[in-house]
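Residues 14 to 354, numbered by my numbering, are exactly what the sequence shown covers, in order. Even glycine gets a Cβ: it sits at the ideal position worked out from N, Cα and C.
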Amino acid sequence: MGILGLIAPALQAIPTTDLYFLNACRPYVRKLPFGFGHAPIERAGANSFICGRNAVVCRRDAPAVVDAILRDPDLRLSYVIDDDLAVAERDSSLPPDYRDRLKALRDGQHKALVERAETIVVCSEHLARTYDAMGKATQVLDPFWAEPLAGAEHFARIEAGGPIDVAYLGSVTHGADRAFIFDVMARLLARDPRVRMTLISSKPVGNALDTHPRVRRLRPQPWWLYRQSLKRRRYHLALYPMLDVPFNQGRSLNKLIEHAVLGAPGIFSADWDYAHHVADGITGMLAENTVDAWVAATEKALGDVHSLHRMQLAARAYAQTLNDPRAQRRFWSDRLEFEAG
């Protein structure tokens, strides 16, 4: 197989695989090819795993891998999906090429895997209701990040009067949210000379952010590279609006943990499905979905950097309670019939 054969699955793995299976279960996955090793779980593909007569497919995989699993009548299949594919064509805020990819997945591997699966593993109650309505057994799992949650050392800089790094890390799949928050960011930059903004985009976003000297535009990266980059990135505040568009209904609480990995307390939409996890003004902030409300909330957060520091510590402590691998391990060890020590 060679070294490329060993590392290729890891390089091709997607967030679904890591966050809902592999990060928690990695100690039980064989590290050697061809099934060698003593761990109970064998990697069948980048996003697929076999343990005895049990199989897991996370979102999608190479056609040959999925076909082999579907052809084996003895395998008990669990299928992990973390997006609402059913609404893809109804959400005009999604980029057309991404809508097309979602529809292709929905009408291809997803359809076959859902039909075959005994259990559908999802990331939200909304998705659970969707598959419950199809008569499928469902299980909701929260994500688990293997990366450590950041400390607070980077807050010393802003408490000494240095620049404040604010981030919005939503990808192009957050089309409506991006258009909204980019207006907020432009207004904040005009009002506060301390603020530096970071966003993810491979193309100009179409407003003053494109040429602003205090805006850093990060190019999208493959998932494995993004994970590697996290240890180098630190922010003082992260923004995460969730507008009322169909695709957002299926999203998870993932950003509560991801922000903590990056060292940032967050501002979130007050009507977000997971807003109850945010103690407003203590572990984060909540804002109604208007530009004025978001500008006001952000200015309030940045107005007292010592309070912002305390908020980061509280947000980190709460995220640590969410980011616990034991719930996933209990579920998967029971489902796949292996002993998790």
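Inter-residue distance for Ala141 and Glu172 is about 44 Å (C-alpha atoms, whole angstroms). Annotation for Phe281: the continuous beta strand (DSSP E) segment containing it runs 279-282. With the rule of 3 Cβ pairs closer than 8 Å, the stretch 287-297 does not count as touching the stretch 212-230.
Residue burial is scored here from C-beta neighbours: Gln234 has fewer than 16 other C-beta atoms within 10 angstroms and is therefore classed as exposed. Around the Cβ of Glu166, a 10 Å sphere holds fewer than 16 other Cβ atoms; the residue is exposed.
Taken atom to atom, the span from the alpha-carbon of Leu90 to that of Leu162 is near 33 Å. Around the beta-carbon of Glu138, fewer than 16 other beta-carbon atoms lie within 10 Å, marking it exposed.
Considering only His249, Arg200, Thr151, Gly58, the residue with the shortest C-alpha distance to His225 is Arg200. Of the other Cβ atoms in all chains shown, fewer than 16 fall within 10 Å of the Cβ of Glu352; this residue is therefore exposed. Assigned with DSSP and collapsed to three states, Tyr111 falls in helix. A contact between stretches requires three or more CB pairs, one per stretch, nearer than 8 Å, and the stretch 312-321 fails this requirement with the stretch 335-345. DSSP places Tyr248 outside both helix and strand once states are collapsed to three, so it counts as coil.
By the Cβ-count criterion, Met147 is exposed, with fewer than 16 other Cβ atoms from all chains shown falling within 10 Å of its own Cβ. Beyond the five residues adjoining it in sequence on each side, Arg343 comes within less than 8 Å, by CB distance, of Ala353 in the same chain, given in chain order. In this structure the stretch 124-138 lies against the stretch 255-271, because at least three pairs of beta carbons, one per stretch, are closer than 8 Å. Straight-line measurement puts the Cα of Ala68 at about 11 Å from the Cα of Thr132. In this structure, DSSP gives Arg56 an extended state, which the three-state scheme calls strand. Out of Ile94, Gln325, Ala57, Ile63, the CA that lies nearest to the CA of Ala77 is found in Ala57. At a cut-off of 3 residues, the continuous stretches assigned as beta strand (DSSP E) that sit fully inside the stretch 69-149 are 89-93, 132-135. Annotation: Ala292 to Val308 spans about 19 Å, alpha carbon to alpha carbon. Excluding residues up to 5 positions away in sequence, Glu131, Thr132, Ile133 lie with their Cβ nearer than 8 Å to the Cβ of Ala150 in the same chain.
Minimum Cα-Cα distance from Ser105 among the listed residues Ile94, His187, Val42, Glu160 corresponds to His187. By the CB criterion at 7 Å, Met324 and Ala310 fall outside the cutoff. In the structure shown, the three-state DSSP call for Val208 is strand.
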